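Student:
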Amino acid sequence: MNEISIKTDCFNLKYTLECGQCFRWSKEGDYYIGVIKDRVLKVRQEGNLLYIQSNNYDNLESIVKEYFELEKDYKSIEDRIEKVDEYVCKALKNTSGLRHLNQDFFETIISYIISANNNIPRISKSVNEISKRYGTKVKLDNKEYYLFPTPQQLKNVSIQEYRDCGVGFRDKYIYDTVQKIANNQIELDSMKDMQTDELKKELLELMGIGPKVADCILLFSCGRQEVFPIDVWVERVMKKLYFNDEKVSKKQILEYADKNFGKDAGIIQQHLFYNIRENLI
DNA sequence: TGCCAGGCCTTCC
DNA sequence: GGAAGGCATGGC
């Protein structure tokens with residue numbers, strides 16, 4: 007059996023893959039199986055070692071390191087946010103090693119358009135269905151998997167065909183966004199170099215992308231760890247911990263996060279999100 | 001049956 | 001510029 011191993015520090019595979027930031031990983035026994043870029047990965051963690059199998063071993067180590075952000079110094083980040091306050095400290099202790107992934111920009115845009123007013127299992131189902139119908143097939147252990155389709159592969163897909171993938175009313179948003187990207191009305195590659203504010207403004211021009219979805223895209227595929235997406239869960243946990251369960255606007259929550267969480271707001275948000283969903287806090 | 005889900009768009013004020 | 005209503009769909 008072919009397999010590579012990578013030493014990690016301050017990394018927890020389970021928390022990273024099960025915290026709700028990604029939609030294409032499934033658990034089978036000790037392994038998590040997922041499709042990223044041009045290949046399938048089969049990953050397990052033992053202590054601080056990560057073991058990876060794939061259908062393609064070309065450049066595998068650097069692809070894994072890039073995707074899981076293994077070169078980023080999370081130890082320093084965690085040392086810093088541990089001191090923020092008692093709630094953040096408690097949440098961090100529960101889910102230490104949770105990292106933000108460096109996911110594909112286009113896939114993240116489409117996935118988070120689907121996420122609006124939706125739940126995680128159904129988002130996964132829709133993203134997998136789109137991949138199965140329009141993505142390139144790859145094989146591992148004699149089983150078939152599908153890459154997330156490119157903009158060109160989706161160029162001729164109709165609104166109804168998206169609807170058939172279970173995306174509901176978001177069908178027209180996906181169609182509109184795919185058309186703009188496939189027809190080069192917007193250039194994803196150059197966008198990733200923009201300043202965060204400017205990049206967010208560009209994303210907000212796309213149908214189906216509002217403030218929350220834009221923040222998720224910035225956080226999960228553009229490495230902007232200072233943004234603070236507020237969904238129903240984050241609103242719930244912030245209200246509970248910092249506003250005495252009283253009525254509060256998203257603007258107030260955002261101001262609180264900016265002021266108290268600073269440049270690590272996105273990381274803290276992810277710990278709080280995972281903690282409240284798992285009933286840990 | 002009714003409510004909820006990693007919200008957004010449209011309409012109305 | 002902010003508030004209210006509608007929206008597909010499956011799980012509980």
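Sequential numbering of the first sequence, starting at 7, is according to our numbering.
By construction, the Cβ of each residue, glycine as well, lies at the ideal position given by its N, Cα and C atoms.
Since the structure is predicted, the reported quantities are computational estimates derived from the model, not experimental observations.
1. Specify the secondary structure class of Ile63 as computed by DSSP and reduced to three states.
2. Please report the straight-line C-alpha distance between Glu150 and Leu47, rounded to a whole angstrom.
3. Whole angstroms are fine: how far does the CA of Lys253 sit from the CA of Lys245?
4. So Ile287 is in the alpha helix (DSSP H); what residue range does that whole segment cover?
5. From what residue to what residue does the beta strand (DSSP E) around Val133 run?
6. Please name the residue in Glu77, Asn148, Ile180 whose C-alpha comes closest to that of Glu113.
7. Starting from Ile115, trace the alpha helix (DSSP H) in both directions and tell me its first and last residue.
8. Can you give me the C-alpha to C-alpha distance between Lys207 and Glu9, rounded to a whole angstrom?
9. Tell me Leu146's beta-bridge partners as DSSP assigns them.
10. In terms of DSSP beta bridges, what is Val41 paired with?
11. Count the other CB atoms, across all protein chains shown, that sit within 10 Å of the CB of Glu67; report buried if there are 16 or more and exposed otherwise.
Tutor: Straight from the coordinates:
1. What sits at residue 63 in the sequence shown is Tyr, not Ile. DSSP places Tyr63 in coil when its eight states are reduced to three.
2. 12 Å
3. 8 Å
4. It is not in any alpha helix (DSSP H) - Ile287 carries neither H nor E in the DSSP assignment.
5. Not the beta strand (DSSP E): Val133 falls in the alpha helix (DSSP H), residues 126 to 140.
6. Ile180
7. 111 to 120
8. 42 Å
9. Lys149
10. Val46
11. exposed
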